[in-house]
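Numbered by the numbering used here, the letters in the sequence shown go through residues 581 to 724 in order.
The structure appears right after this line, and notes come after that.
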Amino acid sequence: MKLDAHVHTLFSGKTTIYPVHKILNESYNPPELVYSRAKARGMDLVAITDHDTIDGALTLADRPDLIIGEEVTAIFPEDKVTVHLGVLDINEAQHREIQRLRRNIRELMPYLKSQGIFTTLNHLASQTAGRLTAAHIATLIPWV
Numbered sequence: 581m582k583l584d585a586h587v588h589t590l591f592s593g594k595t596t597i598y599p600v601h602k603i604l605n606e607s608y609n610p611p612e613l614v615y616s617r618a619k620a621r622g623m624d625l626v627a628i629t630d631h632d633t634i635d636g637a638l639t640l641a642d643r644p645d646l647i648i649g650e651e652v653t654a655i656f657p658e659d660k661v662t663v664h665l666g667v668l669d670i671n672e673a674q675h676r677e678i679q680r681l682r683r684n685i686r687e688l689m690p691y692l693k694s695q696g697i698f699t700t701l702n703h704l705a706s707q708t709a710g711r712l713t714a715a716h717i718a719t720l721i722p723w724v
């Protein structure tokens, strides 16, 4: 089974890559184009994981092979360090709760686990990870 579980559409807004984050978008492609390209490349399932929104994925929610997900910008409350989490196969109620909890990753991670939401740690070796340290990552490992 083929799946790219980290795909953005124009619904993601500005990129998180410094220093171009003020002028460039994460993606300029509408959800339908992302979906059709993924299918043309042989993907069995298509996951849309825009930044902190499921609006793009919801435009294709009638597709049986679509996975609604998002890339959540979560925050360690003690030092304001951010991490991007990929969450897959969520519904609108879960999205709302995720957005409510994302400002405290120590509350968010138990919620994701309790809901059985598949979660990935994104960009760990990237400059977009910013001040993320090994200690931050170590606290997350038990939850994914």
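For every residue, glycine included, the Cβ atom is placed at its ideal position computed from N, Cα and C.
How is residue i classed by DSSP in three states: helix, strand or coil?
{"i": "Thr719", "result": "helix"}
{"i": "Val724", "result": "coil"}
{"i": "Ala714", "result": "helix"}
{"i": "His675", "result": "helix"}
{"i": "Ile655", "result": "strand"}
{"i": "Leu640", "result": "coil"}
{"i": "Ile647", "result": "strand"}
{"i": "Ala627", "result": "strand"}
{"i": "Val663", "result": "strand"}
{"i": "Leu583", "result": "strand"}
{"i": "Leu668", "result": "strand"}
Given this structure, state the Cα-to-Cα distance separating residue i from residue j, to the nearest angstrom.
{"i": "Thr699", "j": "Val724", "result": "6 angstroms"}
{"i": "His703", "j": "Arg621", "result": "24 angstroms"}
{"i": "His586", "j": "Leu625", "result": "12 angstroms"}
{"i": "His716", "j": "Leu640", "result": "35 angstroms"}
{"i": "Glu672", "j": "Ile685", "result": "19 angstroms"}
{"i": "Lys582", "j": "Tyr615", "result": "13 angstroms"}
{"i": "Leu712", "j": "Ala718", "result": "11 angstroms"}
{"i": "Glu651", "j": "Thr662", "result": "12 angstroms"}
{"i": "Arg617", "j": "His664", "result": "24 angstroms"}
{"i": "Leu638", "j": "Phe591", "result": "11 angstroms"}
{"i": "Pro610", "j": "Lys619", "result": "15 angstroms"}
{"i": "Met689", "j": "Tyr608", "result": "30 angstroms"}
Under the rule that 16 or more other beta-carbon atoms within 10 Å means buried, what is residue i, buried or exposed?
{"i": "Leu613", "result": "exposed"}
{"i": "Ile678", "result": "buried"}
{"i": "Thr629", "result": "buried"}
{"i": "Glu658", "result": "exposed"}
So, are the CB atoms of residue i and residue j less than 7 angstroms apart?
{"i": "Arg683", "j": "Ile655", "result": "yes"}
{"i": "His675", "j": "Ile721", "result": "no"}
{"i": "Ala627", "j": "Leu692", "result": "no"}
{"i": "Gly636", "j": "Thr589", "result": "yes"}
For residue i, would you say it is in contact with chain D, using Cβ-to-Cβ distances shorter than 7 angstroms as the test?
{"i": "Ser592", "result": "Considering every chain present, this structure includes no chain D. It has just one protein chain."}
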